[in-house]
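Participant: Just passing along the structure, written as structure tokens.
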Ligand code: MN
Ligand code: FE
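Numbering (the working numbering), first residue to last: 75 to 405.
See below:
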């Protein structure tokens, strides 16, 4: 038995369940169901078209984040379907992977919806992962990191191959969804707290709530593989992961300064960088690795936003209650 390399696992037989936590993530995902059209964009359209609501700094930040997320969601979906699903044959984990894949499709749809409603040039937004160096660097970093796993001949047998696979999981779940998404989340939610682009802000809150589950599932998956294959987690591999995380933090900070060079009213750009340090430490903790930065959370309101239940949003948009069941909390 094992979550990888288990010749005894029949992917078609979900009962009896071996990993109840995987099933719980599936149920939490279902409880959080939403689609972008449920969020009104009317006020955002007015603010976007008006000449005196948004500063140039704010417009840049919005465009950069739409540009980054519009393609990052597809990259993540591709990794799940083309790499992770292949090697995780455990049926309850696959059930969650299918749910996660669908959520990534909803997230991609959110950026189609945003482009449509705001009248943005889709070519510009969906090409920013090639044209904006600080976005290109982040995407290239995870794609390079996970390249070997996409080889059709790749198998997860033996220490080195398992390490390769875990490196892929860390690349997408911890670095892409867990670090590279968070400066953008903080920026868009900071903007919403100032009453600007609250529709997009709410979409980002929904996405962040989904991502916090993706991240938590990914960490449980990685930790299960570690427990079942303890030989992979040697000092050299732990050092390698720490190095990758610190490189990704540097890229995320570069992105944050590029997207928001002058900061936002009341938030200087260094604070976004500090938030990236804080987030990276939380991810390392979750993997059982030592913290690198040891900084306090500069945005305590971000943890509250992750644990979002929609009723507290009623005064900003409309009364909605999407939360139909329990959700896991994860910052
Ligand atoms: Mn996503
Ligand atoms: Fe995700």
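Just so you know, even glycine gets a beta-carbon here, dropped at the ideal spot from N, CA and C.
(1) Going by DSSP in three states, residue 243 sits in which element: helix, strand or coil?
(2) What do you get for residue 193, buried or exposed, if any count of 16 or more other CB atoms within 10 angstroms of its CB means buried?
(3) Leaving out five residues before and five after residue 103 in sequence, what residues of the same chain have Cβ atoms less than 8 Å from its Cβ?
(4) With contact counted as at least three CB pairs below 8 Å, one residue from each stretch, are the region 125 to 142 and the region 334 to 343 in contact?
(5) For residue 299, write down the residues that DSSP places opposite it in a beta bridge.
(6) Under a three-way DSSP split, which group does residue 194 fall into?
(7) Leaving aside the five residues before and after residue 168 along the sequence, list all residues of the same chain whose C-beta is less than 8 Å from its C-beta, in chain order.
(8) Which one or two residues does DSSP pair with residue 338 in a beta bridge?
(9) Below 6 Å CB to CB, which residues in the same chain sit around residue 151 once its five sequence neighbours on both sides are set aside?
(10) Using a Cβ-Cβ distance cut-off of 8 Å, determine whether residue 371 contacts chain C.
(11) Who are the near neighbours of residue 252 in its chain, counting only those whose CB is closer than 6 Å to its CB and skipping five residues on each side?
(12) Is it buried or exposed for residue 264, if we count other Cβ within 10 angstroms and need 16 for buried?
(13) Where do the ends of the alpha helix (DSSP H) carrying residue 129 lie?
(14) Whose C-beta lies closer than 8 Å to the C-beta of residue 330 among residues of the same chain, with five residues either side of it excluded?
(15) DSSP state of residue 108, grouped into three classes?
(16) Say yes only if the C-beta of residue 174 is nearer than 7 Å to one or more non-hydrogen atoms of the ligand FE, and no if none qualify.
(17) When DSSP labels each residue in this structure, what does residue 401 get in the three-state scheme?
Facilitator: On the basis of the data shown:
(1) Indexing the chain shown from 1 puts residue 243 at position 169. The answer is helix: DSSP assigns residue 243 an H, G or I state.
(2) As a first step, residue 193 must be located in the chain shown, where it is residue number 119. Its Cβ having fewer than 16 others within 10 Å, residue 193 is exposed.
(3) Taking the first residue of the chain shown as 1, we reach residue 103 at position 29. 170, 173, 174, 177, 284, 287.
(4) yes
(5) Here residue 299 corresponds to residue number 225 of the chain shown, with the count starting at 1. DSSP lists no partner for residue 299.
(6) Taking the first residue of the chain shown as position 1, residue 194 is located at position 120. Three-state DSSP puts residue 194 in coil, outside helix and strand.
(7) Taking the chain shown and counting its residues from 1, the one referred to as residue 168 is at position 94. Answer for residue 168: 85, 159, 162, listed in chain order.
(8) Within the chain shown, the letter at position 264 stands for residue 338. Residue 338 pairs with 341.
(9) Start at 1 with the first residue of the chain shown, and residue 151 comes out as number 77. 175, 178.
(10) In the displayed structure, chain C is absent; only one protein chain is listed.
(11) The residue labelled residue 252 in the question sits at position 178 within the chain shown. Result list for residue 252: 289, 357, in chain order.
(12) For the purposes of this step, residue 264 is taken as residue 190 along the chain shown, with counting starting at 1. By the 10 Å Cβ count, residue 264 comes out buried.
(13) In the chain shown, counting from the first residue as 1, residue 129 sits at position 55. Note, residue 129: premise wrong, no alpha helix (DSSP H); not H, not E.
(14) Walking along the chain shown from the start, residue 330 turns up at place 256. The beta carbon of residue 330 sits closer than 8 Å to those of 257, 261, 343, 346, 347, 350, all from its chain and outside the five residues before and after it, given in chain order.
(15) If you number the chain shown from 1, residue 108 lands on position 34. Residue state, collapsed to three classes: coil.
(16) Looking up residue 174 in the chain shown gives position 100. Indeed, a heavy atom of the ligand FE lies less than 7 Å from the Cβ.
(17) Start at 1 with the first residue of the chain shown, and residue 401 comes out as number 327. Low local confidence applies: a pLDDT of 46 at residue 401 is under 50, so the model's placement there is unreliable, and no value is given.
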